[in-house]
Amino acid sequence: MNQVDYLRISLIDRCNFRCQYCMPEGAELNYILKQQLLTDEEILTLIQEVFIPLGFTRFRLTGGEPLLRPSVVDLVSKIANLPQTQDLAMTTNGFLLAPMAQNLYDAGLRRINISLDSLEADTFEQIIGNHGRGRWQQVWEGIQAAYQVGFDPLKLNVVVIPGINDHEILNLAALTIDKQWHIRFIEFMPIGNEHLFSARGWISSADLRQRIYERWGLTESQVYGNGPADVFQIPGAKGTLGFISQMSECFCDRCNRVRLSADGWLRPCLLNETSQIDLKTSLRAGISTAQLREQVKQLLNIKAEINFKQRDSGTSGTYTRTMSQIGG
Ligand code: SAM
Ligand code: SF4
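Numbering (my numbering) for the sequence shown: 3 to 330.
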């Protein structure tokens, strides 16, 4: 079992998109009320007094859409400036990124993942469930801004859904040839999206890799912050292609992360709801941070025993929270 030293922190469960695979139409989202969100002070207390003393040094800010949190730049600065922080990254849909990219960089953020499931404006708008025009263009401008500001590595997350965007696999992969962008293909997971998942199914990383290999060939590669991705490169390309195969492979023995939801639930594994603990309620009830550390230690022991394949009960219906609510 790996040392668990990586905390993914959801800053907010709301989002300005409604991606079909993440917040499907009809999903009960029950947004967290403002007073139930962890405050900036609570997030910092948990990082400094609970997680850092337990050896955590790497943090990722996510959501929902993290750029919707008004204090996001300030939080980045405070976390980046902690002497123990070795790595701070963010996952965003990029929609609000262009005007914020420089401020986030100046505040200390260096690594960013931007979700981009399509290069076609129409397909993109179909996926994000919002047909306001110009959304793709605005995300594209966010990506360009992040690139110019110097985020490195700059990763683009792609979830491939059969019949929706799988015809774009080669076009997306081709982005890495001329630009030092790192595409990460994430296998589509059945979390809170039963209807879409059973209607469309999913494509394995092996299948995606084969399609790309047949076009260009692939060599093994690596990029900073690999996490669970298997990384390859089109020969001669500037960027890389990562494949995250949480559906087709079990990489639990390599898993080094836990997730803190925007309302303070800490879960040991993406697919485990039964062992999560409610840190916010404990903190607000005046439980000492020393006691909270003990609770987190116990959760880490449970994590060591959890196997991704032994998830709660294996059907999407089990998961009461969508990815946007868990903090993807
Ligand atoms: N809003 C931000 C974004 O979209 O990048 C951050 C939160 S989002 C939940 C984080 C990541 O989870 C995104 O890259 C998204 O594509 C991925 N994701 C969401 N639902 C998923 C699903 N059902 N299967 C696989 N990946 C999913
Ligand atoms: Fe929002 Fe990200 Fe979920 Fe899409 S994947 S709905 S952008 S939280």
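For each residue, glycine too, the CB sits at the ideal point set by N, CA and C. Quantities reported herein were computed from a predicted structural model and do not represent experimental measurements.
Limits of the alpha helix (DSSP H) - the one that residue i falls within
{"i": "F199", "result": "196-202"}
{"i": "D255", "result": "No alpha helix (DSSP H) holds D255; DSSP gives it neither H nor E."}
{"i": "L268", "result": "Note, L268: premise wrong, no alpha helix (DSSP H); beta strand (DSSP E) at 267-269."}
{"i": "I145", "result": "137-151"}
{"i": "Q278", "result": "That residue, Q278, is in no alpha helix (DSSP H); it is neither H nor E in DSSP."}
{"i": "A103", "result": "103-109"}
Enclosing beta strand (DSSP E) for residue i [first to last residue]
{"i": "S326", "result": "Careful: S326 lies outside any beta strand (DSSP E), inside the alpha helix (DSSP H) at 325-328."}
{"i": "T283", "result": "No beta strand (DSSP E) contains T283, which is instead part of the alpha helix (DSSP H) from 281-286."}
{"i": "D119", "result": "Unbroken run through D119: none, as it is neither H nor E."}
{"i": "D89", "result": "89-94"}
Own chain residues within Cβ distance below 6 Å of residue i, not counting five before or after
{"i": "A103", "result": "A147, A148, V151"}
{"i": "A176", "result": "none"}
{"i": "I279", "result": "L268, Q297, L301"}
{"i": "F126", "result": "S120, W138"}
{"i": "S247", "result": "E189, S207"}
{"i": "G144", "result": "G96, L99, A100"}
{"i": "H184", "result": "P155, K157, V225, G241, T242"}
{"i": "R286", "result": "none"}
{"i": "E27", "result": "none"}
{"i": "T291", "result": "E51, V52"}
{"i": "Q182", "result": "K240, G241"}
{"i": "V141", "result": "G96, F97"}
Same chain, Cβ closer than 8 Å to residue i, neighbours up to 5 away in sequence not counted
{"i": "N173", "result": "L121"}
{"i": "P55", "result": "R295"}
{"i": "D265", "result": "D15, I34, Q38, L39, L40, K282"}
{"i": "D76", "result": "D42, A109"}
{"i": "P270", "result": "V260, S277, Q278, L301, L302, I304, K305, I308"}
{"i": "T178", "result": "H184, I185, Q235, I236, A239, K240, G241, T242, L243"}
{"i": "G165", "result": "R202"}
{"i": "K299", "result": "L56"}
{"i": "M249", "result": "E189, F190, M191, W204, S206"}
Chain-order list of residues whose beta-carbon lies under 7 Å from that of residue i (same chain, five-residue window excluded)
{"i": "R60", "result": "D7, Y8, Q88, D89"}
{"i": "N18", "result": "E67, L70, F97"}
{"i": "G316", "result": "Below a pLDDT of 50, predicted positions are generally treated as unreliable, and G316, at 40, falls in that range; the measurement from the model is reported next regardless. So the list is empty, once near-sequence residues are dropped."}
{"i": "G57", "result": "Q5, D7"}
{"i": "S79", "result": "A109, G110"}
{"i": "S223", "result": "V233, F234, Q235, T242"}
{"i": "N132", "result": "F19, R20"}
{"i": "Q50", "result": "L84"}
{"i": "Y23", "result": "V161, I163, F190, N195, L198"}
{"i": "I81", "result": "I49, F61, T87, L90"}
{"i": "A231", "result": "R186, G244, F245, I246"}
Assumed close pair residue i, residue j - CB separation to whole angstroms, cut-off 8 Å
{"i": "V162", "j": "L210", "result": "6 Å"}
{"i": "M325", "j": "G194", "result": "7 Å"}
{"i": "R186", "j": "G244", "result": "4 Å"}
{"i": "L273", "j": "R261", "result": "L273 to R261, Cβ: 11 Å. No contact."}
{"i": "I130", "j": "D168", "result": "No, I130 and D168 are not in contact; Cβ-Cβ is about 17 Å, not under 8 Å."}
{"i": "F153", "j": "R112", "result": "7 Å"}
{"i": "G238", "j": "T64", "result": "Contact doesn't hold; Cβ gap of about 33 Å is too wide."}
{"i": "R62", "j": "M25", "result": "20 Å between Cβ atoms; not a contact."}
{"i": "R256", "j": "R10", "result": "Contact flag wrong, Cβ pair sits at about 15 Å."}
{"i": "V74", "j": "L13", "result": "6 Å"}
Chain D within 9 Å of residue i, Cβ atoms only
{"i": "G330", "result": "Among the protein chains of the structure shown there is no chain D, as only one such chain exists."}
Residue i - partner residues in DSSP beta bridges
{"i": "F245", "result": "F187, D232"}
{"i": "L301", "result": "Beta-bridge pairing links L301 to no other residue."}
{"i": "R261", "result": "R10, R269"}
Proximity test, residue i beta-carbon vs the ligand ATP heavy atom, cut-off 8 Å
{"i": "I179", "result": "The model depicted lacks the ligand ATP and carries the ligand SAM and the ligand SF4 instead."}
Residue ranges of each beta strand (DSSP E) run of no fewer than 3 residues wholly in the stretch 5-73, ordered along the chain?
-> 8-12, 60-64
Start-end ranges of the beta strand (DSSP E) lying completely within the stretch 154-241, minimum 3 residues = 156-161, 183-188, 232-235
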